[in-house]
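Colleague:
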Amino acid sequence: FTSTANSVNTTITNNVITLKSDATTNALHGINNSAGSTAANNTITIANNIVTGCSYLTATTGLFNGILNSGSAAFINIHGNVVTNNIQAGTGTMTLLDAGGAATSIVNMYNNVVSGNQKTGVSGTIFSARAAGETTFYNNNLFNNGFTSSSGTVSAIVYGYYNFGSPLFEEIYNNNIYNLYVQGTST
């Protein structure tokens, strides 16, 4: 976790992270960067990290974030990361790889692997990868992520790649996105 520090360059690299939470409504973060906002030609780099085997089986509405960047630097580079074999219960959102950024941030996301992640709750949302800036998203592998036991009349949603900003530019190519699933009876 990096704390808010405006306009700084931030680099988070070469970490292996495995966590467990017994909470119910808190957020569980593998990597959480909030430094680097108030863009001033600065760069955030999150690279070559592994977030694997994280477990949040007691979650009711708690969130799980594998790699989360909420800093809105001028340039954001997210590459070579692996987010795999993590599990979360409950209805809270599971975000596996989030580059964040402002609509004007230049975001490069490439050579990441997001696979084998599961939600066991009856509903909720899984974001395999997402960003908010002017994003180039390439050579990523997003597969085998989903809900194992959805049920009821509430929704269970799985996204491969999702841009939640309003960028003027976005380029997406050479990605493998497959076998994203919702098992069970959710609508």
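For the record, in the sequence shown the residue sitting at position 11 is 44 according to this note's numbering, with numbers rising by one throughout. Just so you know, even glycine gets a beta-carbon here, dropped at the ideal spot from N, CA and C. In this text, all values refer to a predicted model and were calculated from it rather than measured experimentally.
1. Taking the beta strand (DSSP E) that serine 182 falls in, what are its first and last residues?
2. Secondary structure at serine 88, three-state DSSP: helix, strand or coil?
3. Does the distance from the CB of isoleucine 139 to the CB of alanine 107 come in under 8 Å?
4. In whole angstroms, what separates the C-alpha of threonine 44 from that of isoleucine 210?
5. With DSSP as the reference, label phenylalanine 97 as helix, strand or coil.
6. Please report the distance separating the alpha-carbon of isoleucine 190 from that of serine 161.
7. Quick check on phenylalanine 202: does DSSP put it in helix, strand or coil?
8. Would you list the one or two residues that DSSP bridges to aspartate 131?
9. Tell me where the beta strand (DSSP E) around leucine 213 begins and ends.
10. Where does leucine 52 sit, in a helix, a strand or coil, going by DSSP?
11. Out of Asn145, Asn114, Ala136, Thr181, which one is the CA nearest neighbour of glutamine 151?
12. Note the first and the last residue of the continuous beta strand (DSSP E) segment covering glycine 146.
Modeller: Straight from the coordinates:
1. For serine 182, the uninterrupted beta strand (DSSP E) segment begins and ends at 179-183.
2. In the three-state reduction of the DSSP assignment, serine 88 falls in the strand class.
3. Cβ distance < 8 Å, so isoleucine 139 and alanine 107 count as in contact.
4. Going from the Cα of threonine 44 to the Cα of isoleucine 210 covers about 27 Å.
5. Strand.
6. Near 11 Å, if we compare the C-alpha coordinates of serine 161 and isoleucine 190.
7. The answer is coil: DSSP assigns phenylalanine 202 none of H, G, I, E or B.
8. Residue pairing by DSSP places aspartate 131 opposite Leu101, Arg163 in a beta bridge.
9. Judged by DSSP secondary structure, leucine 213 falls outside any beta strand (DSSP E); it is assigned neither H nor E.
10. In the structure shown, leucine 52 falls within a coil segment according to DSSP collapsed to helix, strand and coil.
11. Measuring C-alpha to C-alpha distances from glutamine 151 to each of Asn145, Asn114, Ala136, Thr181 identifies Thr181 as the nearest.
12. For the record, residue 146 in the displayed sequence is valine; it is not glycine. For valine 146, the uninterrupted beta strand (DSSP E) run begins and ends at 146-148, by DSSP.
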